[in-house]
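Here is the structure we will look at.
Residue numbers (the numbering used here): 2 to 357.
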């Protein structure tokens, strides 16, 4: 690949289950590109000396100067070369180079889970938070069958975003005390009041309205969240019956993601398993629509959690427990049903020294 002269450039290298495939779902590309574009625009605000008081509004000249321009994709998993800058008369090479340098340092800090590096790369806390939200949006959700490697124009990798990215970013964005006090509530979006920073949802167990008071940094992403069911993370205020009546200090609002979880490996404690072939499991909601569940009768799996990330963690823990209790047990210690489960587990997984 030969990049256009004088333009700062890099590549998105999307790997699906570690396999060499030249295709990728359009939704994944949109997710990556939209969030990457937003990150560059926010960095452009910082370089222009502009702060953020409420909603981050990016002037058109910054957006145009830092426009991500996709060139012809290449084979090798899925490689999408990107140049920074719009048409020649709008392009500012110096700004693009500086913005890419900051972007690179931030994603490296995220990939290495180095919070201090993030602060050094982007000292403005308001812009840093929004850039991290964008990078979180570029990363795969728990159980997604892909990961994103970022490469410079010499094709040298400088960061990788995978299923560990979102949990790390959330620890940086939300203080520990606030995370521990927070709950996740799933409900149907009814209305948004931007003046009061309030989202109203219908809480399925009671069919009542629930007001959610969000922090200003969340607002930038509300314009995209228009699906029926959303998940709101914040501190839940209860009524006299112990039911939610309001959510305050909202730190995250996201669409409910019930897309299949793809299991290629299991890591829990000292147990590392590799799937003999990818297992696809479909999450579903319980009757209250507050818990995401996965069941697999053949593997004796029955897990539930409030979030996709927690659900994947519960799934790994249960598979590891079943492996320890059944797959590794001597045949003579197992009854007929347990012996059948042992064979199913061993057909599905192989224990390895470590799961990459």
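Positions of the beta carbon are idealized from the N, C-alpha and C atoms, including for glycine.
Per-residue DSSP class, three states only, for residue i
i, result
"residue 384", "Since the first residue shown for the chain is 2 and the last is 357, residue 384 is missing from the structure and cannot be characterised."
"residue 293", "strand"
"residue 322", "helix"
"residue 352", "strand"
"residue 123", "coil"
"residue 152", "strand"
"residue 209", "strand"
"residue 329", "coil"
"residue 339", "helix"
"residue 162", "strand"
"residue 345", "helix"
"residue 286", "strand"
"residue 230", "strand"
Enclosing alpha helix (DSSP H) for residue i [first to last residue]
i, result
"residue 156", "Run containing residue 156: none; DSSP gives neither H nor E here."
"residue 39", "27-48"
"residue 98", "94-112"
"residue 168", "166-174"
"residue 53", "Where residue 53 is concerned, there is no enclosing alpha helix (DSSP H), given that its DSSP letter is neither H nor E."
"residue 62", "61-66"
Where the beta strand (DSSP E) through residue i begins and ends
i, result
"residue 277", "272-282"
"residue 189", "184-194"
"residue 264", "262-269"
"residue 14", "10-16"
"residue 247", "245-256"
"residue 306", "302-306"
"residue 82", "79-85"
"residue 70", "69-71"
"residue 201", "199-204"
Alpha carbon of residue i to alpha carbon of residue j, nearest angstrom
i, j, result
"residue 287", "residue 230", "14 Å"
"residue 144", "residue 164", "7 Å"
"residue 250", "residue 354", "43 Å"
"residue 124", "residue 198", "26 Å"
"residue 190", "residue 119", "33 Å"
"residue 334", "residue 291", "39 Å"
"residue 336", "residue 301", "15 Å"
"residue 96", "residue 218", "25 Å"
"residue 265", "residue 60", "44 Å"
"residue 304", "residue 104", "38 Å"
"residue 321", "residue 193", "42 Å"
"residue 62", "residue 68", "10 Å"
"residue 1", "residue 331", "Residue 1 lies beyond the range of the chain shown here (2 to 357); nothing can be said about it."
"residue 53", "residue 215", "17 Å"
"residue 91", "residue 84", "Because the pLDDT of residue 91 is 48, which lies under 50, any placement of that residue in the model is unreliable, and the question is left without a value."
"residue 233", "residue 254", "5 Å"
"residue 9", "residue 308", "38 Å"
"residue 319", "residue 236", "29 Å"
"residue 313", "residue 102", "34 Å"
"residue 133", "residue 200", "22 Å"
"residue 272", "residue 166", "22 Å"
"residue 311", "residue 36", "24 Å"
"residue 58", "residue 306", "36 Å"
"residue 174", "residue 315", "24 Å"
"residue 122", "residue 185", "31 Å"
Buried or exposed by the 16-neighbour rule on C-beta atoms within 10 Å, applied to residue i
i, result
"residue 39", "buried"
"residue 170", "buried"
"residue 155", "exposed"
"residue 98", "exposed"
"residue 283", "exposed"
"residue 259", "exposed"
"residue 195", "exposed"
"residue 82", "buried"
"residue 213", "buried"
"residue 344", "exposed"
"residue 66", "buried"
"residue 1", "The shown model of the chain, from 2 to 357, leaves out residue 1, and the question about it has no answer."
"residue 172", "exposed"
"residue 208", "exposed"
"residue 299", "exposed"
"residue 178", "exposed"
"residue 285", "exposed"
"residue 17", "buried"
"residue 15", "buried"
"residue 110", "buried"
Cβ of residue i within 8 Å of any chain B Cβ
i, result
"residue 349", "The displayed structure is made up of one protein chain only, and chain B is not part of it."
- Pair every Cβ in the stretch 147-165 with every Cβ in the stretch 270-277, then say whether three or more of these pairs are closer than 8 Å. They do not touch, by the three-pair rule.
- Item | the stretch 44-51 contacting the stretch 22-33, beta-carbon criterion three pairs below 8 Å | No, the stretch 44-51 is not in contact with the stretch 22-33.
- Message: Pairs of beta-carbons, one from the stretch 290-300 and one from the stretch 235-243, closer than 8 Å: are there three or more?
- Response: Not touching, per the Cβ criterion.
- Kindly confirm or deny that the stretch 129-137 and the stretch 62-72 touch, where touching means at least three C-beta pairs closer than 8 Å. Flag = no, the stretch 129-137 and the stretch 62-72 do not touch.
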